[in-house]
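There are 2 protein chains.
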Amino acid sequence: MIGRLNHVAIAVSDLKAGVATYAGVLGAKVSDPQDEPDHGVRVVFVELPNTKIELLEPLGENSPIAKFLEKNPAGGIHHVCYEVDDIIAARDKLKAEGARVLGDGEPKIGAHGKPVVFLHPKDFCGTLTELEQV
Amino acid sequence: MIGRLNHVAIAVSDLKAGVATYAGVLGAKVSDPQDEPDHGVRVVFVELPNTKIELLEPLGENSPIAKFLEKNPAGGIHHVCYEVDDIIAARDKLKAEGARVLGDGEPKIGAHGKPVVFLHPKDFCGTLTELEQV
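Here it is in structure tokens:
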């Protein structure tokens with residue numbers, strides 16, 4: 027069912043410092059920052075030859091990554107995102123297997139403008155897991 | 027400097043359950059388990075079209091992932107691994123930038139039989155980061 031690894035998301039409290047690490051120290055190609063107010067994050071994309079790393083900084087009140095950064099002030103890997111062809115079919119299969127889909131279970135439009143669901147970490151190897159329809 | 031994302035490593039306390047999640051629930055192609063006694067892990071490879079996920083279970087005494095699993099009993103993302111062309115040049119550049127290389131700073135032969143170094147999470151967005159020469 028799952029296809030490509032779309033991205034690994036790393037939450038940071040200081041996006042400029044994260045960019046300095048990835049662009050400066052690690053020598054990767056990093057995009058300009060983008061505000062995603064609907065998702066409560068400011069993001070840059072680290073463009074690797076086969077996938078991307080997204081560095082996320084909290085934006086605004088109630089950012090979904092604020093609590094994670096309280097627990098992990100140095101930052102850390104927040105989630106992984108796998109691509110699927112059909113988000114509804116994927117969601118229905120997962121629910122039939124007893125896996126928990128977060129929120130109301132309905133796909134939302136994610137930060138890339140495509141339908142996504144997030145899956146409960148406890149059901150996926152302790153890893154917050156996003157599925158994105160591509 | 028960094029190239030492809032070679033893998034994302036997810037530590038689990040029960041590899042069979044991890045395989046059931048990735049092969050069964052998520053429908054991915056998963057290899058047979060391999061014991062890596064020199065690295066203190068038993069591993070399966072989740073083969074995605076563009077990269078791989080490695081599920082790691084502790085093997086033997088003093089597994090390097092035992093402490094992580096004590097803190098994260100449900101499992102979790104343990105590290106990411108980026109490819110580099112020249113591990114010595116990469117290590118020297120990172121040290122010149124003030125980044126900390128774990129251990130004695132000398133590349134070791136990693137689980138894929140290739141030279142690797144691990145970088146201090148505090149210097150890399152709170153993320154344990156492996157570089158592998160390919």
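Protein chains in written order, with our numbering: chain A, 27 to 160; chain B, 27 to 160. Heads up, the beta-carbon is just placed ideally off N, CA and C, and yes, glycines get one too. The model shown is predicted, which means the values in this text are computed figures rather than measured ones.
- In the displayed model, residue 160 (chain A) falls within coil according to three-state DSSP, outside both helix and strand.
- With the criterion set as a beta carbon lying under 8 Å from some beta carbon of chain A, the members of the stretch 73-86 of chain B are 74, 75, 76, 77, 79, 81, in sequence order.
- Nearest CB-CB separation between residue 71 (chain B) and chain A: not below the 8 Å threshold.
- Runs of the beta strand (DSSP E) spanning 3 or more residues and lying entirely within the stretch 61-91 of chain B occur at 67-73, 78-84, in chain order.
- With respect to chain A, the C-beta atom of residue 98 (chain B) has a partner C-beta closer than 8 Å.
- Between the alpha carbons of residue 146 (chain A) and residue 117 (chain A) lies a distance of about 12 Å.
- Pairing residue 75 (chain B) with residue 31 (chain A), the inter-Cα distance amounts to about 8 Å.
- When the alpha-carbon of residue 59 (chain A) is set against those of A:47, A:53, A:42, the nearest one is in A:42.
- Rounded to whole angstroms, the separation of the alpha carbons of residue 70 (chain A) and residue 156 (chain A) is 18 Å.
- Here residue 131 (chain A) is exposed. Its C-beta has fewer than 16 other C-beta atoms within 10 Å.
- Per DSSP, the unbroken alpha helix (DSSP H) holding residue 115 (chain A) starts and ends at 113-122.
- Boundaries of the alpha helix (DSSP H) around residue 43 (chain B): 41-45.
- Note on residue 79 (chain B): 16 or more other CB atoms within 10 angstroms of its CB, so buried under the neighbour-count rule.
- Assignment of beta-bridge partners to residue 33 (chain A) by DSSP yields A:78, A:107.
- Of the candidates B:39, B:36, B:53, B:134, B:53 places its Cα closest to the Cα of residue 123 (chain A).
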